[in-house]
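Here's the structure, in structure tokens; my notes come after.
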Amino acid sequence: MRRMRALLMGVAVLGLLGSGGVVAAALQDAPQDAQPATPDPIGDLLRDPPQTSGTPTTPVEPAPSADLAPASPIVVVPTDPLVVAILPEDGADKADATEEVPAKLVEPVVPNRRQRRRVAIVEAIDKVTAQSMRFEVEVGGRPVRFNKQLVFTARACEVSAPEELVEDSVAYLEISVEPRASARNVETRQVFKGWMFASTPAVSGLEHPIYDAWIVGCKA
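Its first residue numbered 0, the sequence shown is counted upward by one per residue in numbering that gives the first Met the number 0.
Here it is in structure tokens:
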């Protein structure tokens with residue numbers, strides 16, 4: 000019986016000790032009330048150093064010595080200004096010289112007029128009969144008929160001037176197809192009117208389904 004009591008008392012003591020520890024831990028975790036801080040004179044002195052009374056002293060500079068000032072004023076003589084002359088280059092001189100020389104005006108060369116002739120030499124061919132003929136047509140004169148139908152009238156005939164590069168003969172012709180008076184109800188039809196050049200017969204000559212004609216030259 001005594002042993003049981005001792006055990007029960009031990010268990011009771013252990014239970015009281017455990018409950019006391021739990022209560023102490025709970026009290027330690029709970030917030031505490033604010034308390035006024037205790038005065039600390041040493042900390043106050045360290046934070047706020049003592050200020051000395053009185054006005055601050057300013058440094059006083061010594062007065063300059065009387066020996067440093069000159070007895071008489073010093074005259075300062077200005078020096079002559081430095082003048083830099085820029086010499087032109089040789090290329091610039093040559094350019095100015097060339098610009099000063101007036102350019103000579105080149106007069107245009109007036110070409111001489113072409114020489115007029117009184118007679119135009121024409122060559123024509125009938126492509127059906129292969130008949131060809133070279134004949135003369137007087138400028139401003141009577142028309143000339145070729146192969147009974149082709150009529151030529153010359154209005155002008157000129158030869159090239161000496162300064163021209165190509166020697167040429169130029170004629171202004173009017174060519175028409177005009178049957179003879181025996182044929183009735185046949186209209187006259189003009190097939191060519193303009194300038195013919197002897198140097199280019201294939202370009203300036205007459206091209207007709209039946210006839211071909213071109214200028215050969217001019218003569219006085």
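The beta-carbon is built from N, C-alpha and C at its ideal position, and this holds for glycine as well.
For residue i, count neighbouring Cβ atoms within 10 angstroms of its own Cβ and tell me buried if that reaches 16, exposed if not.
i      : result
Leu7   : exposed
Trp194 : exposed
Ala160 : exposed
Ser168 : buried
Thr152 : buried
Leu149 : buried
Ala33  : Reliability of the predicted coordinates at Ala33 is poor, the pLDDT of 48 falling under 50, and no value is obtained from them.
Leu13  : exposed
Val158 : buried
With H, G and I counted as helix, E and B as strand and the rest as coil, what does DSSP make of residue i?
i      : result
Val138 : strand
Val127 : coil
Val121 : strand
Val202 : helix
Arg144 : strand
Quick one: does residue i have its CB under 8 Å from some CB of chain B?
i      : result
Leu172 : Given the protein chain composition of this structure (a single chain), no chain B is represented.
Distance check for residue j and residue i, CA to CA, integer angstroms please.
i      : j      : result
Asn146 : Asn111 : 39 Å
Ser175 : Glu163 : 32 Å
Arg115 : Val165 : 17 Å
Ile214 : Arg188 : 21 Å
Pro142 : Thr199 : 24 Å
Met132 : Glu122 : 6 Å
For residue i, which residues of its own chain have a beta-carbon under 6 Å away from its beta-carbon, when the five flanking residues on both sides are left out?
i      : result
Val118 : Glu135, Glu137, Lys218
Considering only residues of the same chain and omitting the five flanking positions on each side of residue i, which have a CB-CB separation below 7 Å?
i      : result
Arg179 : Lys147
Pairing CB atoms from the segment 111-128 with CB atoms from the segment 203-214, are three or more of them under 8 Å? yes
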